[in-house]
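Trainee:
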Amino acid sequence: MSSQQNSNVTKDATTEATVINLYAAAEKIYPRSTFGFFTKWRWVMIWLTQLFFYGVPWLEWGQRQALLFDLEARRFYIFNLVLYPQDLIYLTAILIISALSLFLFTAIAGRLWCGYTCPQTVYTEIFLWIEAKIEGDRAARMKLDGAGMSIKKILTKGSKHLVWITFALWTGFTFVGYFTPIRELGTAVINMGLGPWQTFWVLFYGFATYGNAGFMREQVCKYMCPYARFQSAMFDDDVQVCPTGIDIRKGLQYECIGCGACADVCDTVMDKMGYERGLVKYSTQHAMNMGWNHTQMLRRILRPRVMVYTAILVLLVVMLLTSLVTRNAFRVDVVRDRGVMARMAEGGMLENVYRLQIMNATESAQRYKLSATGLDKLKVESDVADGENIVIVNAAESRWIPVRLQIPDGSIKPGSHHVQFVVEATALDQKVIEESVFLVPR
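In the numbering used here, the protein residues as written are 2 to 443.
(1) Check whether the Cβ atoms of L186 and G178 lie closer than 7 Å to each other.
(2) Using 8 Å as the Cβ pair cut-off and three pairs as the minimum, do the region 93 to 107 and the region 189 to 204 touch?
(3) Take A343 as the anchor and find which of C226, D387, N353, G349 has the nearest alpha-carbon.
(4) Can you look up N213 in the DSSP assignment and give me helix, strand or coil?
(5) Where does A449 land, buried or exposed, given buried means 16+ other C-beta within 10 angstroms?
(6) Can you name the start and end residues of the alpha helix (DSSP H) that Y85 belongs to?
(7) Buried or exposed, going by whether 16 or more other CB atoms sit within 10 Å of the CB of Q407?
(8) Spatial neighbours of Q421 within its chain, please: C-beta separation below 8 Å, excluding the five flanking residues on both sides.
(9) Between the alpha carbons of T35 and C263, how many angstroms are there, rounded?
(10) Would you mind reading off the limits of the alpha helix (DSSP H) that contains V319?
(11) Can you have a look at E61 and say buried or exposed, based on whether 16 or more other CB atoms are within 10 angstroms of its CB?
(12) Report the option in G111, A189, Q66, R332 whose CA atom is closest to the CA atom of V424.
(13) What's the C-alpha gap between A74 and L82?
(14) Residues in the same chain with beta-carbon distance under 8 Å from V164, minus the five sequence neighbours each way, listed in chain order, please.
(15) Which stretch, first to last residue, makes up the alpha helix (DSSP H) that contains R184?
(16) Write down the C-beta distance between T363 and A386 rounded to the nearest angstrom, noting that I regard them as a contact closer than 8 Å.
(17) Under a three-way DSSP split, which group does S8 fall into?
(18) Would you kindly work out how many angstroms separate the C-alpha atoms of S399 and N329, rounded to a whole number?
(19) Under the rule that 16 or more other beta-carbon atoms within 10 Å means buried, what is P305, buried or exposed?
(20) State the DSSP-derived secondary structure class of K380, mapped to helix, strand or coil.
(21) Could you tell me if K144 is buried or exposed, where buried requires 16 or more neighbouring beta carbons within 10 angstroms of its beta carbon?
(22) With C-beta atoms as the reference, is I359 less than 7 Å away from V307?
(23) Helix or strand or just coil, what does DSSP make of W130?
(24) Please look up how many angstroms separate the CB atoms of V326 and R356, rounded, as I've assumed it's under 8 Å.
(25) Excluding five sequence neighbours on each side, which residues of the same chain lie with their C-beta closer than 7 Å to the C-beta of P415?
(26) Any idea if G116 is buried or exposed, counting beta-carbon neighbours within 10 angstroms, 16 or more meaning buried?
(27) Please state the DSSP three-state secondary structure of D334.
(28) So which of K29, T157, F180, F128 has the shortest CA-CA distance to T167?
(29) Closest by CA to K370, which one among R339, G212, L429?
(30) Would N361 be called buried (16 or more neighbouring beta carbons within 10 Å of its own) or exposed?
(31) Compare the beta carbon distance of A169 and T122 with 7 Å and say whether it is the shorter of the two.
(32) Starting from M274, trace the alpha helix (DSSP H) both ways and give me its first and last residue.
(33) For a minimum of 3 consecutive residues, which ranges assigned as the beta strand (DSSP E) are wholly contained in the region 361 to 412?
(34) Which whole-angstrom value describes the C-beta separation of R33 and E126, a residue pair presumed to lie in contact below a C-beta threshold of 8 Å?
(35) Just to confirm my understanding: we take L314, look at its own chain, exclude 5 residues before and 5 after, and list those with CB closer than 7 Å. What are they?
(36) Alpha carbon to alpha carbon, how far is T427 from E382?
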């Protein structure tokens, strides 16, 4: 073996392996406070969303909470609407409309939802505001974290976390108040009488708020939220203020939540330097490559994708509103008694037994008249109805009514015969017709 070969072997043998760490520890971000047009609008949206979230559960509608998702009773109360599990189609429509709205806003101006109304962004902004009020500005926070442990640091940090935890628990309490009447929930908290599930969800949602907004912050947006990953499919082709810690000089990045903080601080610097505003602004990669001005950008908004999203969104909203306005104020389900196919009754009558479920979706008790069609000499009997076959169902109540259909024995041939139950709300001038069968044994 030549000396050159020996040298190569020795060199290869002494080469050290390179270790690549797949996990990169996150560094804490200290965003500066910003002031400007987009910051003002972000705080307007924070106030609006939080006034809605914390205020709506305390609104009353008649004798009940205006917005209540009563899972135990399987009813959703939305002001004057009472929705049952059979109305799941409305919830599906709302979810589809919400998703399509997200696509529309993204196609127009990127991650508007993320930057202005996403709960993660909103609560992170609130927690940062609390942190700044207690610990000071960016430089003060960095200095405090870098300092050694002291009484002042313990008191400052402890005060901040105490306020965070209080706010997070109030958020968890409000969240549970959408599923349990919030006034009853408040009384239970005062009397230390919360149930196990109520306690669990208050603590769970509160802990999630505390952890996500207080510690994880931008990590949720960058790694946990799927929206950042698929947003590029809907897109066209100053670092210290960014809440996700990105460098805007590197161009379009999926971590950007479109909050506009960098645009505000850039405008502030441009004003001090005497330059024109707008160096950093809402735009698209394609618009930057083409060198479009503001007018050309506005024209580009009305492009085919946006028009299609808008048309579908408007159509779905109109269909949903039309369906809600025209829906009957009550529902009826018919269930045959499977234990009894047919039986003889007094007076030579053949009868079938059924159960009618009448769901009153109004805010007052209603009278319902029962009748049936489809066969000659068909009679309706019920032990819970009065002489005119009228039953009463209380407001927002679901009631099962045992019903018997009778015909003279031998009046029709054996087999299965179609019949229709007719339930009429006397005060509402509405009726519901449900199909069933009448069985005649051979």
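Beta carbons: idealized from backbone N, C-alpha and C, even for Gly.
For clarity, every value in this text was computed on a predicted model and none was experimentally measured.
Mentor: So, to answer that:
(1) The residue you call residue 186 lines up with position 185 of the sequence shown. The residue you call residue 178 lines up with position 177 of the sequence shown. Contact flag set, yes.
(2) no
(3) In the sequence shown, counting from the first residue as 1, residue 343 sits at position 342. It is N353 whose Cα lies nearest to the Cα of A343.
(4) The count along the sequence shown starts at 1 and reaches residue 213 at position 212. Here N213 sits in helix by DSSP.
(5) No answer is possible for residue 449: the residues shown for the chain start at 2 and end at 443.
(6) Position 84 of the sequence shown holds residue 85. Run containing Y85: none; DSSP gives neither H nor E here.
(7) The residue labelled residue 407 in the question sits at position 406 within the sequence shown. So Q407 ends up on the buried side.
(8) In the sequence shown, the residue the question calls residue 421 occupies position 420. Correct list, in chain order: A373, T374, G375, I434, E435, E436, S437.
(9) Here the question's residue 35 lines up with position 34 in the sequence shown. Here the question's residue 263 lines up with position 262 in the sequence shown. Straight-line Cα distance between these residues: approximately 9 Å.
(10) Against the sequence shown, residue 319 aligns to sequence position 318. From DSSP, the alpha helix (DSSP H) with V319 extends over 305 to 327.
(11) Counted from its first residue, the sequence shown places residue 61 at position 60. That one is exposed.
(12) Residue numbering aside, residue 424 sits at position 423 when the sequence shown is read from its first letter. Among G111, A189, Q66, R332, the Cα nearest to that of V424 belongs to R332.
(13) For the purposes of this step, residue 74 is identified with residue 73 of the sequence shown, where counting begins at 1. For the purposes of this step, residue 82 is identified with residue 81 of the sequence shown, where counting begins at 1. Spanning the two alpha carbons is a distance of roughly 15 Å.
(14) For the purposes of this step, residue 164 is identified with residue 163 of the sequence shown, where counting begins at 1. So the list reads I131, I135, once near-sequence residues are dropped.
(15) Locating residue 184 in the sequence shown gives position 183, counting from the first residue. Run containing R184: 183 to 191, per the alpha helix (DSSP H) assignment.
(16) Here residue 363 corresponds to residue number 362 of the sequence shown, with the count starting at 1. Here residue 386 corresponds to residue number 385 of the sequence shown, with the count starting at 1. Incorrect: roughly 20 Å between the Cβ atoms, too far for contact.
(17) As a working mapping, residue 8 is identified with position 7 in the sequence shown. Its pLDDT being 48, under 50, S8 is placed unreliably in this model, and the coordinates cannot settle the point.
(18) As a position in the sequence shown, residue 399 is number 398, starting the count at 1. As a position in the sequence shown, residue 329 is number 328, starting the count at 1. Cα to Cα, the separation comes out at about 15 Å.
(19) Stepping through the sequence shown from its first residue, residue 305 is reached at position 304. Result: exposed.
(20) In the sequence shown, residue 380 corresponds to position 379, counting from 1. Note: K380 maps to strand in three-state DSSP.
(21) Here residue 144 is taken as the residue at index 143 of the sequence shown, counted from 1. By the neighbour-count rule (16 or more Cβ atoms within 10 Å), K144 is not buried but exposed.
(22) The count along the sequence shown starts at 1 and reaches residue 359 at position 358. The count along the sequence shown starts at 1 and reaches residue 307 at position 306. Contact flag unset, no.
(23) Along the sequence shown, read from residue 1 onward, the residue named residue 130 stands at position 129. DSSP places W130 in helix when its eight states are reduced to three.
(24) Position 325 of the sequence shown, counted from the start, is the residue given in the question as residue 326. Position 355 of the sequence shown, counted from the start, is the residue given in the question as residue 356. Contact flag wrong, Cβ pair sits at about 30 Å.
(25) In the sequence shown, the residue the question calls residue 415 occupies position 414. Excluding sequence neighbours, P415 sits near V441, P442, R443.
(26) Here residue 116 is taken as the residue at index 115 of the sequence shown, counted from 1. G116 comes out buried.
(27) Mapped onto the sequence shown, residue 334 falls at position 333. Strand.
(28) Within the sequence shown, numbered from 1, the residue matching residue 167 stands at position 166. Considering only alpha carbons, the answer is F128.
(29) In the sequence shown, counting from the first residue as 1, residue 370 sits at position 369. Looking at the Cα atoms, L429 is the closest of the given residues.
(30) Reading the sequence shown from its first residue, position 360 is the one you call residue 361. Buried, by the Cβ-count rule.
(31) Here the question's residue 169 lines up with position 168 in the sequence shown. Here the question's residue 122 lines up with position 121 in the sequence shown. Result no, Cβ atoms of A169 and T122 do not sit closer than 7 Å.
(32) In the sequence shown, residue 274 corresponds to position 273, counting from 1. Segment 262 to 274, the alpha helix (DSSP H) holding M274.
(33) 367 to 374, 380 to 382, 391 to 394, 399 to 409
(34) Within the sequence shown, residue 33 is the residue found at index 32, counting from 1. Within the sequence shown, residue 126 is the residue found at index 125, counting from 1. Actually they are not in contact, since the Cβ atoms of R33 and E126 sit about 13 Å apart, beyond 8 Å.
(35) As a position in the sequence shown, residue 314 is number 313, starting the count at 1. I98, L101, S102, L105, listed in sequence order.
(36) Indexing the sequence shown from 1 puts residue 427 at position 426. Indexing the sequence shown from 1 puts residue 382 at position 381. Cα to Cα, the separation comes out at about 19 Å.
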